[in-house]
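Written below as structure tokens is the structure these notes are about.
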Amino acid sequence: MNVEPRLLCGPGPANISPEVLSALSKPLLGHLDPDMYEILTELAAMTARVYQRDEGDGMTLPISATGTSGMEAGIAALVEPGSTVIIGVNGYFGRRLVEIANRYHANVVEVEAEWGQAVTNEALLEALAANPDARLMAVVHAETSSGVRHDLAELGAAMKDNDTFLMADCVTSLGGIEVALSDWGVDYAYSCTQKCLAMSPGMSPISISQRALEFMRSQPKPNTFYLDPQLLEAYWLTRPPAYHHTLPSPLVFGLHESLREVLNEGLEARWARHAEAGGYLQAAMAERSMELLADPAHQLPQLTAVLVPEGIDGAGVQKQMLREHGIEIGGGLPGAPAMWRFGLMGYNANTATADKVLAAFDAVMADAPTLAAA
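Using numbering that gives the first Met the number 0, read the sequence shown as starting at 0 and increasing by one per residue.
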């Protein structure tokens, strides 16, 4: 098997540091090895620090699966048939929240915004006022399909004294922009490891507030075994652990190293690095008369959606970038306008990487009329 190296500058995965790559290749440990327990305890604490979940406020741990597992675990544990769930939908992953909530037979109230726009907190709070017994409010903090950021801190403050639980999709935000779960009153958050945390895909860090955890413990068992947060807690955090599944030790080691790098850099410094790189790329796209999809007031730094100009073969540009320059960028997801998605995440969040992407993009766009005619 021969795998050519790529510069991964799409919506994820992103490239990883040599140290994380080395950690992924460490000797295997059994999932019941005493040394593994120590690593799991450290990893849970490190994840909580990156989420800014206060000590004593619930629990934080990674699920051994990709980001969608964290999404489903939260709905499975907090929602029962007939529960009202208010969901902000302004892209593909808000729509996925709706799909999963419907599969758990929730009464779903959708609050929508157009692609590129943020769902307003006013509209969400109006929906909550109309449904005061809603079990859950769910929003996408960083919509990967469009590059739009939600004002999560503002929403959390407005819901501070409300019994409705607040869930946030932090798949693209964690490690790239500010996330402060305890301060913001977020009851359940989930993320992934292959974007701004700069590790390989395969784990979904989740974080649950104390009040949400107590609620889960008071409820019947959810209709999932693998994604039951209480069973995961007993496996990750109880000593001796209650066996649940076989942990992927390479991913545990890789995530431990990537979180060590995040914390050593410092959260604010890391957010600033993403802001600088993303702002640099976005300014360069504007200089090239490219139109960005996201409302500027809610533009993410780490994910930039650029509308494909009329007459240009967007998929052809992607193929040329990959084939001729070894650079991966993303296209649009189903339901989206024609776009390219550029990611500068984690290890790749720097202006030097942005310059490589821009140079390749310029070279390919010089032949874009030929691509359109082909």
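Using N, Cα and C, we set each Cβ at its ideal position, and we do this for glycine too.
As the structure is a prediction and not an experimental result, all values here were calculated from the model.
Beta-bridge partners of residue i, as assigned by DSSP
i: residue 270; result: Answer is none; residue 270 lacks a bridge partner.
i: residue 174; result: Residue 174 pairs with nothing; no bridge assigned.
i: residue 188; result: 167, 206
i: residue 87; result: 110
i: residue 147; result: 142, 298
i: residue 135; result: 84, 164
i: residue 215; result: DSSP lists no partner for residue 215.
Residues of its chain near residue i, where Cβ-Cβ distance is below 6 Å and the 5 sequence neighbours each way are ignored
i: residue 42; result: 255
i: residue 329; result: 9, 10, 340
i: residue 209; result: 56, 57
i: residue 372; result: Only weak support is given to the placement of residue 372: the predicted model assigns it a pLDDT of 49, under 50, and the question is left unresolved by the model.
i: residue 152; result: 183
i: residue 206; result: 50, 52, 59, 180, 188
Option in the options with minimal Cα separation from residue i
i: residue 136; options: 151, 163, 150; result: 163
i: residue 310; options: 92, 366, 357; result: 366
i: residue 123; options: 283, 346, 158, 2; result: 158
i: residue 222; options: 104, 16, 347; result: 104
i: residue 226; options: 243, 213, 218; result: 243
i: residue 67; options: 177, 106, 200; result: 200
i: residue 350; options: 174, 276, 149; result: 276
i: residue 38; options: 206, 142, 53, 249; result: 249
i: residue 90; options: 147, 267, 323; result: 147
i: residue 74; options: 186, 126, 149, 125; result: 186
Which of helix, strand or coil DSSP assigns to residue i
i: residue 9; result: coil
i: residue 308; result: coil
i: residue 168; result: strand
i: residue 263; result: helix
i: residue 78; result: coil
i: residue 372; result: Residue placement at residue 372 is flagged as unreliable, the pLDDT there being 49, under the threshold of 50; the coordinate-derived value follows with that caveat. Residue state, collapsed to three classes: helix.
i: residue 224; result: coil
i: residue 352; result: helix
i: residue 64; result: coil
i: residue 38; result: helix
i: residue 233; result: helix
i: residue 342; result: strand
i: residue 141; result: strand
i: residue 326; result: strand
i: residue 289; result: coil
i: residue 46; result: helix
i: residue 0; result: coil
Residues near residue i by beta carbon distance below 8 Å, same chain, minus five either side
i: residue 88; result: 94, 96, 97, 109, 110, 111, 112, 118
i: residue 259; result: 45
i: residue 270; result: 175, 176, 177
i: residue 294; result: 115, 116, 117, 147
Whole-Å CB distance - residue i paired with residue j, under 8 Å assumed
i: residue 344; j: residue 195; result: 5 Å
i: residue 301; j: residue 348; result: 7 Å
i: residue 191; j: residue 178; result: Between residue 178 and residue 191 the Cβ distance is about 13 Å, and since that is not below 8 Å, they are no contact.
i: residue 292; j: residue 280; result: Residue 292 to residue 280, Cβ: 14 Å. No contact.
Beta-carbon contacts of residue i that lie in its chain and below 7 Å, excluding the five residues immediately before and after
i: residue 321; result: 327
i: residue 107; result: 84, 86, 97, 100, 101
i: residue 229; result: 215, 216
i: residue 181; result: 51, 52, 53, 56
i: residue 65; result: 191, 200, 201, 203
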